[in-house]
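A.B. asks: Have a look at this one before I ask anything.
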Amino acid sequence: MLLFLSVLLHECGHAWGAHVQGLEVRRIVIHAGGGYCESARGFAHQEEFTVLMGPLTSLALWAGLGLMQVGVYHFVLDNPRWIPLGLALVPALGMAAAVNLFLFVYNMVPVQPLDGGRLLLLWLRRAMPGRAAMQWAGRVGVLFCVLWFPALLWVFVTTGWLLFFAPSLALHLSMARGGGPR
1 MLLFLSVLLH ECGHAWGAHV QGLEVRRIVI HAGGGYCESA RGFAHQEEFT VLMGPLTSLA
61 LWAGLGLMQV GVYHFVLDNP RWIPLGLALV PALGMAAAVN LFLFVYNMVP VQPLDGGRLL
121 LLWLRRAMPG RAAMQWAGRV GVLFCVLWFP ALLWVFVTTG WLLFFAPSLA LHLSMARGGG
181 PR
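Once you know that position 96 of the sequence shown is 96 in full-length UniProt numbering, the rest is easy, because the numbers rise by one and skip nothing.
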């Protein structure tokens, strides 16, 4: 439930980013592998802002929940009668903060269709022609696809978290050859 709510708020961040720029938000979809916000396409700077708002929402939730955890902890230290509440709330806030930090870091991996991959492509398009930007984003994506499975195993062994998403090597190879995300 915590992960579902965190993903929903992350996608609401994208929706807000689109909305404040006058872009139509068509829908928000949450599924077992994450979620996405479907909005009308805009200019590059509008898309950058919209894409960035999801990870920034996760980062803000991490910071806010972490500060709340510290605040509740110190409140309970000063008010011992609240210890039973603190014993439940402090770890829950810490877990919620950790989930949102993980969601931020995970989403910033530069592979399609994650936010990091979308931002990389948008930023590269500012610096070079579209085809070259696509090729460089594809090359970076191929590298991260190759590194994904050892990283997946490491995350599972160290945290017990199992990720149900793997970036498409075929998509990134196509991008590296000058094709594009479909």
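C-beta atoms are modelled at their ideal positions from N, C-alpha and C, and glycine is treated no differently.
Can you give me the Cβ contacts of V155 inside the same chain, cut-off strictly under 6 Å, excluding the 5 residues immediately before and after it?
C.D. replies: Walking along the sequence shown from the start, residue 155 turns up at place 155. The answer, listed in chain order, is W161.
A.B. asks: Give the single residue among L114, R81, L121 and L89 whose Cα lies nearest to the Cα of residue 188.
C.D. replies: Look at the range of the chain in this structure, 1 to 182, and you will see that residue 188 is not part of it.
A.B. asks: Say whether chain C places a C-beta atom closer than 7 Å to the C-beta of A133.
C.D. replies: Reference to chain C is not applicable here, since this structure consists of a single protein chain.
A.B. asks: Can you give me the C-alpha to C-alpha distance between F75 and L5, rounded to a whole angstrom?
C.D. replies: Your numbering for residue 75 matches position 75 in the sequence shown. Your numbering for residue 5 matches position 5 in the sequence shown. Spanning the two alpha carbons is a distance of roughly 26 Å.
A.B. asks: Compare the C-alpha of G178 against each of G141, A40 and E47 and name the closest.
C.D. replies: Working through the sequence shown from its first residue, we reach residue 178 at position 178. Nearest of G141, A40 and E47 to G178, Cα basis: G141.
A.B. asks: Buried or exposed: which applies to V20, given that a residue is buried once 16 or more other Cβ atoms fall within 10 Å of its Cβ?
C.D. replies: Mapped onto the sequence shown, residue 20 falls at position 20. It counts as exposed.
A.B. asks: Return yes when the Cβ of F144 is within less than 7 Å of the Cβ of V99, no when it is not.
C.D. replies: The residue given as residue 99 occupies position 99 in the sequence shown. The residue given as residue 144 occupies position 144 in the sequence shown. No, they are not a contact pair.
A.B. asks: Counting C-beta neighbours from all protein chains within 10 Å, is the total for G22 16 or more, i.e. buried, or is it exposed?
C.D. replies: In the sequence shown, residue 22 corresponds to position 22, counting from 1. The residue is exposed, with fewer than 16 neighbouring Cβ atoms inside 10 Å.
A.B. asks: Got a sec? Which residues, its chain only, sit under 7 Å from G116 by beta carbon, not counting five neighbours each side?
C.D. replies: In the sequence shown, counting from the first residue as 1, residue 116 sits at position 116. Around G116: N107, M108, V109 and P110.
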